[in-house]
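Letter by letter, the sequence shown follows residues -29 to -1, 1 to 544 of mature numbering (1 follows the signal peptide of the UniProt record, and there is no 0). Okay, structure first, notes after.
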Amino acid sequence: MSSRRTFLRQMLSAPAGLALTTGAGAALAGPARPAFAQDVPPPDGIWNLLQEQVPAYVQPGVPRGVQLSFAGDDLSRRAVTWLTSVEDPRSIVQWGVVGATADTSELTADDLTHVQDGSSERAPFGDGADSTYLSAKRDNGPDVHHGEREVFVHRASLSGLQPGQRIAYRVGDGTRWSDIAITRGGPLADEGFRFTHVGDHGPKLAAQRTTRALRRRQPDWHLFAGDLSYANGDQRIWDLWAEQYSVMGREVPTMVAPGNHESKDFMGQAYRTRFTQPRHGSSFYDWIHGNVFMISTAAGAFFGDERGAMEDIRHELVWMEHTLARAAALRAAGIIDFIVVTQHFPSYTDHRTRGPISPDRVVVAEQILQRYQIDLLLVGHDHMYQRSHPMAYGLPTSTAGYTNTLAPVLGLEPTRPERYSNATGYIEVIAGSGGNGMYDFTEIDTLQLGVDPEMPPQRHLPWLAASARELCFVEYDVRGPEMAVTGFVFDDGYDENRGDGIPDNEPGYNGDDPRFLADADPEPFDTFTLVRKAYAEEVPTVPRLAAEILRELPEAHGELRYDVAEDCTTHDH
């Protein structure tokens, strides 16, 4: 297990170089890694999976795929989203406060004392009614797939929730109801809160294992950094994924950012319709949770839509500048302590064929992120775990407290985790191995000291603090002005660790049905602590748009410039 993990020390790093995949250095060289075979059956088999795992899919009007989210800064409210097939019945949520030991098997409708009506809208469907977007749905077969149903997305709200409460609820139309689920009203003020983050999930068995591992951690909320369902135009896969994830999503509020695979579903229209987030209908939004200001951006996820990309990029960058200025003002006033941005694409990576879809967009965004001194950039896309030191423009600004080396390989004792209390720049956390396969690290031509001898030679850039090629997720434990971050990794049971969820010799596997595999226990692999920036009050709080740089963007002149290393919209990962 540990042979796949590498801790890096600054003195063992390769010569300094920018990791931004803009054309500088080896980040643009080399072919893309071949996609692994998926354990999800081919398109015809999706119909069989739906019938087996989502029986409500073929039952008109029966609620399914229930998920919670935050619809804004008001943490006393939860948005509830669910799906129905064929019919668009009334949207109702019933809920009530239950005791600390209440179990869903013991609850009845009498325990649900509050009723709230909601609304609904039709999800994109390839029958011609959404012909404006049909050209974006050619990646994965016909406009309407075998057995595909017309789907309606329902929304309602739980309101007036108090910290410490346990809330039982169900959704339906007054006759047909979902099972009762229980969620929390939120942690008490003195408890702090915990959230988790991962990207690149999908409907594979490995992704379901990731979901179960996340659920066992019992976070207060969860964040997906893009590439959620890998539907790629097949709306049935969205419905399969929604039902699979609902085991956690109906209990834990879930926030999302779009990835390149979301662009394949009517240019993001399926993504924007199927989730309920702040600024509903937009691809980017913000919200405040306790003392953390959160921003979710598209970061070029919908570059393929040449009709709207130019305007969307300008709009998002201007919005991000103003929003971060507001966040910096709140931090300077002591109302918040941390600013966190999430998106799908890494700004920096040492993987040769991965990275941002537009280096030009990264150059502009980096000016804004550094101007307002965000604390964390949480991403996916690279199917591995990587974490940076605090950095600015691709160069580390601090390695304070970092004394660890290749402990598993060299037999060294673990050392204290890193603690960053006054570092310039932000830390990027890549958690892209959420269940849809894994990538190898970038190879180099000569052997380098400080590299796992069981892996091919690898190139590591000076900003990189830790990396692992295993299934992963990250937990963020916020306690006042400190945030403890832990990267968890676990094997999926396959010797070559391809993330396909099919073990060959794992205890508990009966050799016949991979659904009976035994879940691995995630191991804490990488830990560090962030402390509120000591100079937070000095960070600019007035928007100062990078107008000159913005005008240099090729997108501003109508020219879409993709990452020359890889068009990330054309592969399975």
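From the three backbone atoms N, C-alpha and C, an ideal C-beta is built for every residue, glycine too.
Run the CB neighbour count on residue i, radius 10 Å, all protein chains shown included, and call it buried at 16 or more, exposed below.
i	result
R93	exposed
P495	exposed
T181	buried
I306	exposed
R165	buried
R61	exposed
T72	exposed
E292	buried
A160	exposed
D346	buried
G451	exposed
T374	In this prediction, T374 has a pLDDT of 33, which is less than 50 and means its spatial position is unreliable; what the coordinates show is noted afterwards. Classification for T374: exposed.
Spatial neighbours of residue i within its chain, please: C-beta separation below 7 Å, excluding the five flanking residues on both sides.
i	result
E214	Q24, V25, R35 and G36
G43	P249 and W258
I208	I17, P174, S200, Y201 and A202
F255	S267, T268, A269, E287 and W290
With DSSP as the reference, label residue i as helix, strand or coil.
i	result
V445	strand
V334	helix
G173	coil
L516	coil
residue 550	The question about residue 550 has no answer here: the residues shown for the chain are numbered -29 through 544.
V29	helix
Y140	strand
M238	coil
S257	Checking the sequence, you will find Asp at residue 257 rather than Ser. Reduced to three states, the DSSP call for D257 is strand.
D497	strand
L288	helix
G470	For G470, the predicted structure reports a pLDDT of 40, less than 50, and the residue's modelled location is therefore unreliable. The matter cannot be settled from this model.
E119	coil
A378	Summary for A378: the model assigns pLDDT 38, below 50, so the residue's position carries little reliability; its value from the coordinates is reported in the next sentence. Of the three classes helix, strand and coil, the one that applies to A378 here is helix, per DSSP.
I339	helix
A127	strand
G271	coil
R245	helix
A3	Only weak support is given to the placement of A3: the predicted model assigns it a pLDDT of 35, under 50, and the value that follows is read from those uncertain coordinates. A3: coil per DSSP, three-state reduction.
G458	strand
D353	coil
G16	helix
F503	Reading the sequence as shown, one finds Arg at residue 503 and not Phe. Three-state DSSP puts R503 in coil, outside helix and strand.
I208	helix
G157	coil
S76	helix
Quick one, which of the options has its alpha-carbon nearest residue i's?
i	options	result
A50	D497, R245 and I398	R245
D257	S267, Y391 and I208	S267
A228	E58, A505 and H352	H352
T146	T55, V33 and V350	V33
G163	G170, W192, R297 and D150	W192
V449	D462, E399 and T500	T500
T247	Y28, F41 and R515	F41
T498	L432, V400 and W434	V400
V124	D144, I284, T294 and A139	D144
S318	P224, F274, A270 and A437	A270
G239	G220, T225, G204 and V263	G204
M409	R188, D283, E287 and G170	G170
Y447	T154, L46, T368 and L348	L348
V122	V57, H168 and V289	V57
Y356	G365, T320 and R390	T320
R48	S438, L54, P31 and W66	W66
T167	P158, Q189, I153 and L176	Q189
L295	F273, A336, G70 and T457	A336
Q38	G252, L54 and L176	L54
R332	D283, V64 and I310	D283
D492	R187, S128 and T52	R187
Which same chain residues, not among the five before or five after residue i, have their C-beta less than 6 Å away from its C-beta?
i	result
Q136	V68 and G156
D538	Only weak support exists for where D538 lies, its pLDDT of 38 falling under 50; the coordinates are left without a value.
D483	Residue confidence is low: D483 scores 42 on pLDDT, short of 50, so the model does not pin down where it sits. Its coordinate-derived value is still stated next. Same-chain partners within the cutoff: there are none.
S392	V502
H172	A178, L199, G405 and G406
I151	T75, L78, A139 and R141
R120	S56 and V57
A455	D448 and T500
G396	P361, M362, A363 and T368
When every heavy atom of the ligand SAM is checked, does at least one fall within less than 6 Å of the C-beta of residue i?
i	result
F461	Although the ligand SAM was asked about, the structure shown includes no ligands whatsoever.
Between residue i and chain C, is the shortest Cβ-Cβ distance under 7 Å, so that the two count as touching?
i	result
A202	The structure shown contains no chain C; it is built from a single protein chain.
So, do the region 398 to 410 and the region 435 to 442 have three or more beta carbon pairs nearer to each other than 8 Å?
yes
Quick test of the definition: if touching needs 3 or more C-beta pairs under 8 Å, does the region 360 to 370 touch the region 295 to 315?
no
Count the CB pairs spanning the region 70 to 85 and the region 217 to 231 that are closer than 8 Å, and state whether there are at least three.
no
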